[in-house]
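One structure is given below, encoded as structure tokens.
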Amino acid sequence: MEELFQLYYECSEVSTDTRKITKNSFFIALRGENFDGNKYADQAIEKGAKYAIVDDESVANGKTKFHVNNSLHFLQKLAQYHRNTFSIPVIAITGTNGKTTTKELTAAVLNKKFNILFTEGNLNNHIGVPLTLLQLNKNHDLAIIEMGASKLGDIKELTDIANPTHGIITNIGHAHIEGFGSPENIVKTKTELYSAIKENKGLLFYNSDDSVLANKLPASCPTQTYGTTGTADIIGEILELSPMLSFQWKTGTYMSPQINTQIIGKYNFYNMLAAICIGNHFEVKQNDINTALAEYKPSNNRSQLEKTSYNTVILDAYNANPTSVKSALENFAEISSENKLFVLGDMLELGENTNQYHQEVIQLAKSLNLQGVFVGNIYSSLAKVNDILAFDSTETAKDFFATALPKDNLILLKGSRGIGLEKLIEIL
1 MEELFQLYYE
11 CSEVSTDTRK
21 ITKNSFFIAL
31 RGENFDGNKY
41 ADQAIEKGAK
51 YAIVDDESVA
61 NGKTKFHVNN
71 SLHFLQKLAQ
81 YHRNTFSIPV
91 IAITGTNGKT
101 TTKELTAAVL
111 NKKFNILFTE
121 GNLNNHIGVP
131 LTLLQLNKNH
141 DLAIIEMGAS
151 KLGDIKELTD
161 IANPTHGIIT
171 NIGHAHIEGF
181 GSPENIVKTK
191 TELYSAIKEN
201 KGLLFYNSDD
211 SVLANKLPAS
221 CPTQTYGTTG
231 TADIIGEILE
241 LSPMLSFQWK
251 TGTYMSPQIN
261 TQIIGKYNFY
271 NMLAAICIGN
281 HFEVKQNDIN
291 TALAEYKPSN
301 NRSQLEKTSY
311 NTVILDAYNA
321 NPTSVKSALE
331 NFAEISSENK
341 LFVLGDMLEL
351 GENTNQYHQE
361 VIQLAKSLNL
371 QGVFVGNIYS
381 SLAKVNDILA
391 FDSTETAKDF
401 FATALPKDNL
411 ILLKGSRGIG
421 LEKLIEIL
């Protein structure tokens with residue numbers, strides 16, 4: 001297999017999508033539920049790929065198209081081989097909530113000192129992680145690799161490929177329970193990162209305020225901590241939520257000025273502290289850390305503040321699970337604004353306890369005295385018994401707002417990506 005690995009180094013980049021083939025690229029034909037990349041190997045070569053890796057023997061010719069038993073496994077092994085040719089730090093980031101934001105914040109901080117490679121968007125799975133690692137080159141000082149999981153063993157698979165030297169779990173909550181089978185399996189899978197870092201004799205960053213994470217730390221593994229108490233290496237304090245987060249932090253004798261961020265939510269406070277902790281460990285100047293955090297502006301429907309013609313909208317509609325929705329509601333309740341309205345979309349992939357988790361969110365919203373509407377089939381099925389206003393789809397909700405448009409409100413949009421709440425921005 002190593003002979004085939006060497007073919008990669010004759011090429012400019014790896015590609016798994018013939019729509020994005022560039023001249024002299026290395027095409028790997030992957031299979032999925034609704035596609036078979038082997039069928040496009042010839043097209044890849046015609047478009048300029050130098051070589052193609054296929055797992056359909058009838059497609060291979062031994063000259064430009066080479067057969068392997070499993071193209072996905074080849075991609076992963078190639079990425080592992082390539083990563084291990086570098087001795088730079090590789091920081092792995094996982095967690096139920098906040099991993100993408102923490103990755104973006106950490107990248108912003110470390111960019112002040114280093115040339116870094118970091119995961120683009122949320123390419124954090126068994127395909128995205130290898131593709132990211134294959135972008136490593138001699139100019140990179142370190143890499144930040146985001147790792148997602150939807151079933152038991154996913155993090156171990158990704159750490160085997162990435163061989164991280166440093167790691168952080170942002171938190172552990174309830175998401176993708178359908179795939180994991182139980183909350184216990186979520187904990188077991190996420191903490192596979194801790195096992196990998198210990199095995200690699202690396203260092204862990206962790207939130208010392210989080211008892212779940214603290215109790216799962218492996219013995220005799222070096223750590224750097226962040227939190228709100230005097231025992232942490234990085235100690236932070238929230239100063240304001242208006243709705244943007246303002247805070248300050250200290251370490252040793254250093255106390256930062258007030259950092260006024262462009263990010264919303266008490267729940268993002270710990271993501272900020274995580275980035276500070278990592279930056280401080282890698283000796284980024286404190287003023288540079290502060291500047292990076294103040295300059296960071298979220299995107300991709302994650303904790304964005306959008307001003308419309310009629311309202312101010314907190315757009316947080318990329319993902320939703322019980323933990324993140326409860327945090328969003330509690331944060332929303334703390335924001336002082338005369339007129340507030342929430343729009344909550346269904347939380348998907350929660351398995352057999354789906355109704356229970358949605359019921360808990362409804363009760364929390366009521367206990368916080370928040371006004372709002374619910375969107376999706378799950379909330380709609382619970383509407384009558386809970387006396388709530390619910391719509392079965394975003395389109396139906398849009399029709400409602402067309403006739404009852406709120407004005408001068410602060411509006412929270414929070415739901416799973418599949419619900420598409422961001423479409424409501426057009427009318428709100």
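Be aware that the sequence shown starts at 1, since it is given in UniProt numbering, and climbs by one per residue.
Just so it is clear, CB atoms sit at the ideal spot from N, CA and C, and this is done for glycine as well.
Whole-angstrom distance between residue j and residue i, CA atom to CA atom
i	j	result
Leu-368	Leu-329	8 angstroms
Pro-298	Thr-96	18 angstroms
Gly-202	Asn-311	48 angstroms
Thr-354	Arg-83	40 angstroms
Ile-91	Leu-193	11 angstroms
Thr-132	Glu-120	8 angstroms
Thr-323	Gln-262	23 angstroms
Ala-49	Leu-158	27 angstroms
Gln-363	Glu-334	17 angstroms
Met-147	Asn-125	6 angstroms
Lys-216	Glu-46	52 angstroms
Ile-411	Lys-188	36 angstroms
Per-residue DSSP class, three states only, for residue i
i	result
Glu-237	strand
His-140	coil
Thr-223	strand
Met-255	strand
Gln-304	strand
Gly-98	coil
Gly-265	coil
Val-284	coil
Gly-167	strand
Met-272	helix
Ala-404	coil
Ser-338	In the sequence as presented, Ser is not what sits at residue 338; that position holds Glu. Glu-338 falls in the coil class under three-state DSSP.
Ala-232	coil
Own chain, CB closer than 8 angstroms to residue i, minus 5 neighbours either side, in chain order
i	result
Gln-248	Gly-236, Glu-237, Leu-239, Met-255, Ser-256, Pro-257, Gln-258 and Ile-259
Leu-213	Ile-169, Asn-171, Ile-172, Tyr-206 and Asn-207
Lys-398	Lys-423, Leu-424, Glu-426 and Ile-427
Leu-370	Leu-329, Phe-332, Ala-333, Lys-340 and Phe-342
Cut-off 7 angstroms between Cβ atoms - residues of its own chain near residue i, not counting five sequence neighbours on either side
i	result
His-140	Ile-88, Asn-115, Ile-116 and Leu-117
Leu-421	Ala-317, Val-343, Gly-345, Val-375, Thr-394, Leu-413 and Gly-415
Ile-28	Val-14, Thr-16, Ile-53, Ser-71, Phe-74 and Leu-75
Val-284	Val-109, Leu-110, Lys-112 and Lys-113
Ala-320	Gly-345, Met-347, Lys-414, Gly-415 and Ser-416
Asn-24	Cys-11, Ser-12, Gly-48 and Lys-50
Bridge partner(s) assigned by DSSP for residue i
i	result
Leu-413	Leu-315 and Val-343
Asn-260	Ser-246
Glu-146	Ile-93
Val-375	Gly-345 and Phe-391
Leu-123	The partner list for Leu-123 (beta bridge, DSSP) is empty, contrary to what the question assumes.
His-67	Val-54
Ile-116	Leu-142
Ser-15	Phe-27
Sequence-distant residues of its chain with Cβ nearer than 6 angstroms to residue i (five each side left out)
i	result
His-281	Gln-224
Gly-265	Ser-303 and Asn-331
Leu-134	Val-14, Ala-79 and His-82
Pro-222	Leu-203
Thr-102	Ile-93, Thr-170, Asn-271 and Ala-274
In chain order, each alpha helix (DSSP H) run of at least 4 residues that lies wholly inside the region 32-62: 41-46
Return the chain-ordered ranges of every alpha helix (DSSP H) run that is complete within the region 173-217 and spans a minimum of 4 residues. 177-180, 183-190, 192-199 and 211-215
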